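The sequence shown begins at 2 in the numbering used here and counts up by one.
We put the CB at the ideal spot given by N, CA and C, even for glycine.
What you are looking at is a predicted structure, and each value in this text was computed from that prediction instead of being measured.
Comments concern the structure below.
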Amino acid sequence: MVPSLNYDVLTDVLHALKEGNIRYCESLGFTFDEINALDQLSLDELFIVSRATAPFVSITVRHDVLHHLLAQARQEYRHQQVINRAIHLGGSIALLKHYFGLTSNEVCLRRRLLGVSVPYGRTPEPDEKTDAAIWLQWQQRRVENLESPAALIAMMQVTESLMPKPEGLSLTTVWKRIVLCEQDIIANRRTPHAGCD
Numbered sequence: 002m003v004p005s006l007n008y009d010v011l012t013d014v015l016h017a018l019k020e021g022n023i024r025y026c027e028s029l030g031f032t033f034d035e036i037n038a039l040d041q042l043s044l045d046e047l048f049i050v051s052r053a054t055a056p057f058v059s060i061t062v063r064h065d066v067l068h069h070l071l072a073q074a075r076q077e078y079r080h081q082q083v084i085n086r087a088i089h090l091g092g093s094i095a096l097l098k099h100y101f102g103l104t105s106n107e108v109c110l111r112r113r114l115l116g117v118s119v120p121y122g123r124t125p126e127p128d129e130k131t132d133a134a135i136w137l138q139w140q141q142r143r144v145e146n147l148e149s150p151a152a153l154i155a156m157m158q159v160t161e162s163l164m165p166k167p168e169g170l171s172l173t174t175v176w177k178r179i180v181l182c183e184q185d186i187i188a189n190r191r192t193p194h195a196g197c198d
């Protein structure tokens, strides 16, 4: 392992030197004289130094940075899982752009990678019974801020709970119906859409 580490570090340092990035070499712990000496070595000399069994580099673990990176990786993984879940549930390009900022090309690529096909044509509007079921399920999970990730998770749960029953129900349909009903409530309409009571 040590010769490989020596080789990797030397390769990295020499690459940085070729780009004129001396600060990077110094950040690794090399002095200016050492950097200059490395820069003067012939290929044969570099090979001998890089293959030496005596380690000239020590590894230390920066626990705070590692913990931060692990937490960041977990958060990003969960974020990607939510996006994939939304796509599997029939999230439209508009929905995915709204909640995740994805472009239409990104959505299409993700759909292809996940093997999700989208039927052509407009999605049929839910009947009154389905509309009422969506609203009832939403009331059990309701999140005040419809723009929040928590609201989208709740909408996905509504979709999943109703999916086996009404054929063709998608996350996009559930999203549109919930937004419409919530807007009706805010506007204090006397005759809200079916199921919005």
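Pair within 7 Å by beta-carbon distance, residue i and residue j
i: Gly1; j: Leu172; result: Outside the shown range of the chain, which is 2 to 198, sits residue 1, and nothing can be said about it.
i: Ala134; j: Val144; result: no
i: Val10; j: Cys26; result: no
i: Leu96; j: Thr160; result: no
i: Ile94; j: Arg111; result: no
i: Ser51; j: Asn22; result: no
i: Thr61; j: Pro127; result: no
i: Gln138; j: Ser162; result: yes
i: Gln158; j: Arg142; result: yes
Helix, strand or coil at residue i [DSSP, three-state]
i: Phe31; result: coil
i: Asp185; result: helix
i: Val14; result: helix
i: Phe48; result: helix
i: Thr71; result: Thr is not the amino acid found at residue 71; the sequence shown has Leu there. In this structure, Leu71 counts as helix in the three-state DSSP scheme.
i: Arg86; result: helix
i: Ala151; result: helix
i: Leu103; result: coil
i: Met2; result: With a pLDDT of 48 at Met2, under the threshold of 50, the modelled position of that residue is not reliable, and the figure given next carries that caveat. DSSP places Met2 in coil when its eight states are reduced to three.
i: Met157; result: helix
i: Asn37; result: helix
i: Ile60; result: coil
i: Glu77; result: helix
i: Asn7; result: helix
i: Leu280; result: The requested residue 280 is not part of the displayed model; the chain covers only 2 to 198.
i: Arg143; result: coil
i: Pro193; result: Only weak support is given to the placement of Pro193: the predicted model assigns it a pLDDT of 49, under 50, and the question is left unresolved by the model.
i: Asp132; result: helix
i: Glu126; result: coil
i: Leu170; result: coil
i: Ala53; result: coil
Whole-angstrom C-beta distance between residue j and residue i, which should lie under 8 Å
i: Leu18; j: Asp40; result: 5 Å
i: Met156; j: Trp136; result: The Cβ separation is near 12 Å, so there is no contact.
i: Asn1; j: Leu115; result: Outside the shown range of the chain (2 to 198) lies residue 1, about which nothing can therefore be said.
i: Thr131; j: Leu170; result: 7 Å
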